[in-house]
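Numbering (mature numbering (1 follows the signal peptide of the UniProt record, and there is no 0)), first residue to last: -21 to -1, 1 to 551.
The beta-carbon is built from N, C-alpha and C at its ideal position, and this holds for glycine as well.
What follows is one structure encoded as structure tokens, with my remarks underneath.
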Amino acid sequence: MNVMAIVVGAMVLFGAGPAAAGAADVIFRNGFEVPGDLPASRADASRFLAQASFGGASAQIDALMAGGYGAWFDAQSARPPGFVLPYMRQAAGTADPLQPLPFHLFRQAWFVQVLAAPDDLRQRVAFALSEIFVVSERGAGLGNDGLVLGAYHDILLRNALGSYRRLLEDVTLSPAMGRYLSMYRNRRPDPANNIQADENFAREVMQLFSIGLVRLYPDGSPVLVDGRTVPTYDVAVVRAMARVFTGWACHCAAGQQCPPDPFVQENFTCSTEHAMVPYEAYHDRDEKRLFDGIVLPGGRGARTDLGDALDALANHPNVAPFIARQLIQRLVTSNPSPGYVGRIAAVFADNGAGARGDLRAVVQAILLDVEARQGHRLAPQTFGKVREPLLRLAQLWRALDVMWEDDALMLDDLDIHLRYNQSPLFSPSVFNFFSPGHAPAGPLANAGLVAPEMQIVTANFAIAVTNDLGGRIFWGYRGGPMDQFDDRVRLIQLDRWEQLIAPPAGGGPAPPGAVEQLVSRLDELLLGGTMSAPLRDRILGRLQAIAPADTLQRVQNAIYLIATSPEYAVQR
């Protein structure tokens, strides 16, 4: 059967699954529960954690059920970022801030932090931002430069729950972005020497990082004039913006002998933890006409021009719906309603205290919106998103209490992109692994819906991921073959699941309903309680065919059939 058809069919056709259990003092509107501060059930708590983090284990679900959403957000916001660069230096055994670090240490640090750091929300949002504000090891001289890429990822972590405007500037002046989109050592035009300002960053900061290509209403729908979309900028604006971003080069690290003019010869190592700095001789000081009639006067320095241009971008009315929609897509659902986008865009515009671009408020509003909490019931045929490959693996590991002895990654995990078509900061281009507007041909495209993650799904990918997940379930568990073979393997823990269905020590049958309870608990953890009746029946049929005494096989088969199912491939 066609793999794409399986996943698309799952997204379009699967029903809502069993309804969550009711709770006291629950408010209903139009037959559906209005989200309150406490999850209505453990399944709802699990669904929330799948959207707000890389997936929740039983202990995290318990804590959320006890404390509620508000306390969870407060606790997450208060936790310090789990930065990767300090970890990478420790793993490399160096305190030298300029010591080159191989990229594999970034991958190792990313997995360690995603699986173990307590700042779950920040880690998840930073990953989402890395797919909007893209840099990649695969481009523009960043190959195997773990130092600059680790520093860039830490920028995303630091700003993930902060100010969009601060994030935009930190990204703009990052040495990684400077090199990736060639703003680094971008010179003012010099016609006599056939030098033009580089337009690369100027184009992408508008198209991808802020205002997009066409004017939008606050709900994200395009403005139409005579049936046509209205562009947000033209070629002349790109050229003017390119001149804004001239005159910047790397920051010289403390104690270095730095050349007075790095544009002529830069023979020092960039300080990747400092923003690029201006060199005014190379900044274009002429007047610059931007979009919407905004004019930057002539005779000003690089920092003033850059600050005013970024202010103009951050305050553009498009930014709120443009960024809101993409964050909703990355965290919750591929096809948010205009109302959902509009509600989040309103929070972006004003967090309730007069602040614009408060990402913590935006993310909280996204995750607590009625569509996020009830979308699988309100619109069961269209709500949800195809899980990104890394999210499928990370949630499985976290749900099953992943552990490891040696932080270093096995070769299979160092090369995880070969099987999962994805790895952090490793996209093939600035346009990410997939486009937010991608619609595979067939039912989704015909219905006017998108499924961005389907852009990286191929037949080979589907087989590779299925085989990889199978290997981790049947081999990569505590006490299993891989545990004996390699201390670097990430191990799932199955003991407590075996105990749940184990026959009494003195003999006799397993507790009544134990297998059904096992499937229900795994449904709660991995599917957020949305398992369909056909999948449940198929799993129970398989488990009943395995001898009750073979508890390991029963547990492994249950997990495998869920983890490789179309229902797990779609986050509901």
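Inter-residue spacing [alpha-carbon to alpha-carbon] between GLY226 and ALA260: Their Cα atoms are separated by approximately 7 Å.
Extent of the continuous alpha helix (DSSP H) to which SER511 belongs: Where SER511 is concerned, there is no enclosing alpha helix (DSSP H), given that its DSSP letter is neither H nor E.
THR208 - DSSP class collapsed to helix/strand/coil: Here THR208 sits in strand by DSSP.
Continuous alpha helix (DSSP H) assignments of at least 4 residues falling wholly in the segment 272 to 304: Here the runs fully enclosed are 281 to 293.
Environment of VAL468 [buried if 16+ CB atoms lie within 10 Å]: With 16 or more other Cβ atoms within 10 Å, it is buried.
Where the alpha helix (DSSP H) containing LEU370 begins and where it ends: Here the alpha helix (DSSP H) through LEU370 covers 368 to 378.
Same chain only: Cβ atoms within 8 Å of PRO403, ignoring 5 sequence neighbours per side: The answer, listed in chain order, is PHE85, ARG86, TRP89, PHE106, SER109, HIS132 and LEU369.
Cβ pair LEU80, LEU135 closer than 7 Å: The Cβ-Cβ distance between LEU80 and LEU135 does not fall below 7 Å.
Where residue 552 falls: helix, strand or coil (DSSP): The requested residue 552 does not occur in the structure, where the chain is confined to residues -21 to 551.
Per-residue DSSP class, three states only, for GLN523: Looking at GLN523 - three-state DSSP - the assignment turns out to be helix.
DSSP-derived helix/strand/coil call for LEU152: Secondary structure at LEU152: coil, using DSSP grouped into helix, strand and coil.
Whole-number beta carbon distance between ASP149 and residue 559, since they are thought to touch under 8 Å: For residue 559 there is no data in the structure shown, the boundaries of the chain being -21 and 551.
Exposure of LEU203, with buried meaning 16 or more beta-carbon neighbours within 10 Å: Exposed, since its Cβ has fewer than 16 Cβ neighbours within 10 Å.
Pair within 7 Å by beta-carbon distance, ASP98 and GLY61: Less than 7 Å separates the beta-carbon of ASP98 from that of GLY61.
Whole-number beta carbon distance between VAL214 and PHE270, since they are thought to touch under 8 Å: Actually they do not touch by this definition, with Cβ atoms about 12 Å apart.
For LEU497, the three-state DSSP class (helix, strand or coil): Taken through DSSP and simplified to helix, strand or coil, LEU497 comes out as helix.
SER153, buried or exposed, once every other Cβ within 10 Å from all chains shown has been counted against 16: When all chains shown are included, SER153 counts as buried.
Between the CA atoms of ARG451 and ALA2 - distance to the nearest angstrom: Residue confidence is low: ALA2 scores 36 on pLDDT, short of 50, so the model does not pin down where it sits. Its coordinate-derived value is still stated next. For ALA2 and ARG451, the distance between alpha carbons rounds to 37 Å.
CB-CB length for ARG515 against LEU522, believed under 8 Å: Contact between ARG515 and LEU522 does not hold, since their C-beta atoms are separated by about 11 Å, which reaches or exceeds 8 Å.
Sheet register partners of ALA228 (DSSP bridge): According to DSSP, residue pairing for ALA228 in a beta bridge involves VAL256.
Meets three-Cβ-pair contact criterion under 8 Å: the segment 356 to 366 and the segment 390 to 406: Because the criterion of three Cβ pairs below 8 Å is not met, the segment 356 to 366 and the segment 390 to 406 do not touch.
Pairwise C-alpha distance: ILE538 and ARG500: Cα to Cα, the separation comes out at about 11 Å.
Option in GLU252, LEU310 and GLY487 with minimal Cα separation from PRO76: Nearest of GLU252, LEU310 and GLY487 to PRO76, Cα basis: GLU252.
Residue from GLU477, GLY363 and ARG103 whose Cα sits closest to the Cα of ARG457: The option with the nearest alpha carbon to ARG457 is GLU477.
Best match in TYR196, GLY199 and ARG222 for proximity to ASP169 [C-alpha to C-alpha]: When only C-alpha atoms are compared, the closest one is ARG222.
Outcome for ALA45 when other beta-carbon atoms lying within 10 angstroms are tallied against a minimum of 16: With a threshold of 16 other beta carbon atoms within 10 Å, ALA45 falls short and is exposed.
Helix, strand or coil at ILE480 according to DSSP, with G and I counted as helix: Shown here, ILE480 sits in a helix according to DSSP, grouped into three states.
Enclosing alpha helix (DSSP H) for TYR131 [first to last residue]: 125 to 138 is the span of the alpha helix (DSSP H), which, as asked, contains TYR131.
Between the CA atoms of ILE480 and GLN305 - distance to the nearest angstrom: Distance between the alpha carbons of GLN305 and ILE480: 42 Å.
Residue range of the unbroken alpha helix (DSSP H) whose run includes ASP41: Note, ASP41: alpha helix (DSSP H), 37 to 57.
7 Å Cβ cutoff met for GLN472 and ASP386: Between GLN472 and ASP386, the C-beta gap is not smaller than 7 Å, which leaves the two residues out of contact.
Nearest candidate by alpha-carbon position, reference residue 554, set ALA19, ARG158, VAL93 and ARG26: Nothing about residue 554 can be reported from this structure: the residues present for the chain run from -21 to 551 only.
Uninterrupted alpha helix (DSSP H) stretches inside the segment 441 to 472 (no shorter than 4 residues): The qualifying runs are 460 to 464.
Proximity of LEU423 and GLN30 at Cβ, strictly below 7 Å: No, Cβ-Cβ distance for LEU423 and GLN30 is not below 7 Å.
Local Cβ density within 10 Å of GLU350, reported as buried at 16 or more and exposed below that: Within a 10 Å sphere around the beta-carbon of GLU350 sit 16 or more other beta-carbons, which makes this residue buried.
ARG268 burial status per 10 Å Cβ neighbour count (16 or more: buried): By the Cβ-count criterion, ARG268 is exposed, with fewer than 16 other Cβ atoms from all chains shown falling within 10 Å of its own Cβ.
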